[in-house]
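The listed protein sequences correspond, in order, to chains A, B and C.
Residues in the first sequence are numbered from 1 upward in steps of one, following the UniProt record's numbering.
Residues in the second sequence are numbered from 1 upward in steps of one, following the UniProt record's numbering.
Residues in the third sequence are numbered from 1 upward in steps of one, following the UniProt record's numbering.
Every residue gets a Cβ at the ideal spot worked out from N, C-alpha and C, and that includes glycine.
In what follows, a structure is listed as structure tokens, so that the remarks can point back to it.
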Amino acid sequence: MSQNPGLSVSELTCERDERCLFRSLAFSLNSGEILQITGPNGSGKTTLMRVVAGLSLDFTGEVFWRGQPVADVRPEFHAALLYMGHLLGVKSTMTAEENLRWAMGLHRNDLSREEIWSALEKVKLAGFEDIPCYQLSAGQNRRVALARLFLARQPLWILDEPFTAIDKQGVAELEQLLVDHAKSGGMVMMTTHHEMSLNYDGFHQLVLGGGV
Amino acid sequence: MKWTYFHRMASPKWFYDFSGKILPWVGVLALVLVAGGLTWGLLFTQPDYLQGNSYRIIFLHVPSASLAMTVYVGLAVAASIGFIWKIKLADMAVSCLAPIGASFCALALVTGAIWGKPTWGTWWVWDARLTSMLILLFLYFGLIALREAFDSRETASRACAILAMVGVVNIPIIKYSVEWWNTLHQGSTIRITEESTMAMEMLIPLLMSIAGFYLFCLFVFLLRIRAEILSREQRTKWVRHLLGANS
Amino acid sequence: MSLSAGLGVILKRDLQLAFRNRGDLINPLVFFLLVASLFPLGVGPSSDVLLIMGGGVVWVSALLANLLAMDSLFRSDYEDGSLEQLMLSPTPLWMVAMTKVLAHWLVTGLPITLLAPVIAVMFGLPSQALPAVVMTLLLGTPMLSLIGAIGAGLTVGLRKGGILLSLLTLPLYIPVLILGTGAIDAAVNELPWHAHLMWQGVLVVLGVTFAPLAIGASLRVSVSG
């Protein structure tokens, strides 16, 4: 473990309405690593992701970003974080391009049209740039959200079930993208029901037991 | 030193034990003071030269109106403690206090209306105090309804804490604006309490009654929060032990 | 990345969305006109009565129209996950909340304010009262939006938020209403109304200072829920 890990959590306990999801969890995620959270349904995978991202308040313990409590460095942490949950954050009345421009515009303001178009091309949405998202299928909507990964400069990615509604070839490409991101110094924390076939040294798994 | 004391008080078990010890004393004292104050005030004081016997309702109205206000402030203080330091006991206090405050608020409104009939000849006048009390009742209803609306207890308590804090900031603004509105739209009316001239023989039973009502409120609060503690902590060892020992 | 750029992105999108769902833009205005025209039907067309009621009716209708529009402030962002993205952006949440309220006010409160003199004239308010109508609403409707946004934030996670939202919000609207109608009454009676306006200004300063924090906190609670 390095001296100053990217993300680390200690003594993380989530208890909600008298139900304990996980207790005294500790792990760290360093630059170049991919961490897959696994466990049966209802073991708190999504909750853990939301706690780490700072969306869920139902926890005790501490989340650290670069050695400091996240609560003290929230703007820096958010600037370094790309989060994709079950809800995509894709607005149905806006086009694919507008959606991407907005989502990335919250993080960076130097986005060119060519970049957006090439990101959409990479998720096989070339030709759909100007179509309102309510006309796209569920899988296409998800790919609009995934196109953010090609534009992101944030080092830490927290992805909850990113492979849902993506075909086999798309999954393989996405896995490659995650590995490339890690290799270039990024960090990925994710959940998935897919068998991950990663030949990568920085790939770890964390198993949550069904209600300790 | 002080912090350990603070944390001990915040522990539901400690509070349950402690409140169990003082509960009977609070109850007896409340009964004595309320009974004494009301008997004295209702039966053994002179009628008011202006309002006759109808003024006697102040022995009920003033304590309930004062409590309705105090309980909201107490509730907001508990809410902020619970919200900032995440102390469960404080949230239990918030959830117990809202219905108590609402009841006293309703009592103040009803007694105000009953007093209004012989005094103004009508059950309801848009008097500044009664109107403020009515708005306070709406604030209580909002709190109770918001808590009911959530499935998750944790979310409900956080949401209610925010609403209570927003409410308590607004109460003085509401109060002053209503008073100002009242002076703007109608001339001076007879107030339910005349601040300046209150005879000593009225004041003492009134103070007794106020003290009694406050203790009664504390008594009801302790009863409710003890029940709430047992219900929320039913899975802990000490509650199981306690219930096992009693049955 | 500058803060204002991030806020600009949020403001621009919210305005764009509002102009795409034109119904959401027009409905509160129609509602405003409709509620106001119910009063003469309810109390009779006598011009004396209408003159006395006029200021109050304009304000109560504006208040209800604002409340009606409030429920949609965060709802679609909550449902499609945009709110999560907003909360995780580097911009502080209270600034995000402020920007969203501003965008919402531009498409609801401002049009209501501009339409209000029409209703005031229909109730026979004298012309010297019209500036008071516009000015009090110009200062008052942002305040209504700020207070309403706290309630909207608290109820956004609930499926049946609408009626609860009004229960939570309406009592808190009362001081704004009293000051607004007080100023119009004074203007109708040819009395000075600057003092009312200044008190409204005080409320706005208080609101702008504290409400965004409360809105941010309530959004955190709802998203966590």
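I need the boundaries of the alpha helix (DSSP H) containing B/Arg-226, first residue and last residue. 200 to 232
So B/Ser-177 contacts chain C; which residues on that side make the cut at Cβ distance below 8 Å? Ile-174, Pro-175, Ile-178, Leu-179
Counting only C-beta atoms, is C/Asp-71 closer than 8 Å to chain A at any point? no
Checking the sheet assignment: what are the DSSP bridge partners for A/Glu-15? A/Cys-20
Here's the rule: buried if 16 or more other CB atoms are within 10 angstroms of the residue's CB, otherwise exposed. What is C/Glu-84? buried
Going along chain B, which residues have a C-beta under 7 Å from A/Asp-58? Glu-154
Which of the three DSSP states is assigned to B/Phe-83 in this structure? helix
Only counting runs of 4 or more residues, tell me where the alpha helix (DSSP H) segments fall wholly within the region 61 to 131 of chain A, in order along the chain. 74 to 79, 96 to 105, 113 to 122
Closer than 8 Å at the beta carbon, the chain B residues around C/Val-210: Per the sequence presented here, residue 210 of chain C reads as Phe, with Val not at that position. Correct list: Val-169.
Return helix, strand or coil for C/Gly-157, following the three-state DSSP convention. coil
Could you tell me which residues DSSP pairs with A/Gln-36 in its beta bridges? A/Met-190, A/Gln-205
Taking 8 Å as the threshold (beta carbon to beta carbon), is B/Leu-75 in contact with chain C? no
Residues in its own chain within less than 7 Å of B/Leu-38 by CB, not counting five upstream and five downstream? Phe-59, Ser-209
Sort C/Val-223, C/Ser-222, C/Phe-210, C/Gly-225 by Cα distance to C/Trp-94 and report the nearest one. C/Phe-210
Interface partners of A/Arg-50 on chain B, CB under 8 Å: Within chain B, no residue comes near A/Arg-50; the closest Cβ sits about 13 Å away, beyond 8 Å.
Exposure label - A/Lys-168; buried when at least 16 CB within 10 Å: exposed
Bridge partner(s) assigned by DSSP for C/Ile-163: According to DSSP, C/Ile-163 bridges with nothing at all.
Between C/Ala-103 and chain A, is the shortest Cβ-Cβ distance under 8 Å, so that the two count as touching? no
Roughly how many angstroms separate the alpha carbons of A/Cys-14 and A/Thr-47, rounded to a whole number? 8 Å
Checking contacts by CB at 8 Å: is B/Ala-65 closer than that to chain C? no
Could you check whether the Cβ of A/Glu-16 sits closer than 8 Å to any Cβ belonging to chain B? The amino acid occupying residue 16 of chain A in the given sequence is Arg; Glu does not appear at that position. Yes, its Cβ sits closer than 8 Å to a Cβ of chain B.
B/Asp-48 versus C/Leu-25: straight-line alpha-carbon distance, rounded: 60 Å
For the beta strand (DSSP E) holding A/Trp-157, just list the boundary residues, first then last. 156 to 160
Does the region 190 to 202 of chain A come close enough to the region 202 to 221 of chain B that 3 or more CB-CB pairs lie under 8 Å? no
Less than 8 Å between CB atoms is the rule here; does B/Ile-162 satisfy it with respect to chain C? yes
Helix, strand or coil for A/Ala-152, going by three-state DSSP, please let me know. coil
Take C/Met-98 and list the residues in its own chain whose beta-carbon comes closer than 7 Å to its own, dropping the five residues that flank it on each side. Pro-212
List the whole-angstrom C-beta distance separating A/Arg-101 from A/Val-123, where the pair is believed to meet the contact cut-off of C-beta under 8 Å. Not really, about 15 Å apart at Cβ, beyond 8 Å.
Quick one: what's got a C-beta closer than 7 Å to C/Ala-217's C-beta in the same chain, skipping five residues either side? none
For A/Val-52 and A/Arg-16, the rounded distance between their alpha carbons: 16 Å
Write down the C-beta distance between A/Thr-95 and A/Glu-129 rounded to the nearest angstrom, noting that I regard them as a contact closer than 8 Å. 7 Å
Does C/Val-223 come within less than 8 Å of chain E when only Cβ atoms are used? The structure shown contains no chain E; its protein chains are A, B and C.
Which of helix, strand or coil DSSP assigns to C/Ala-195: helix
What does B/Arg-235 reach in chain A if we use C-beta pairs closer than 7 Å? Glu-18
Does B/Ile-173 have its Cβ less than 8 Å from a Cβ in chain C? yes
Under 9 Å between beta-carbons, which chain B residues line up against C/Gly-23? List them in chain order, please. Under the 9 Å cutoff, chain B gives no residues; its nearest Cβ is about 27 Å from C/Gly-23.
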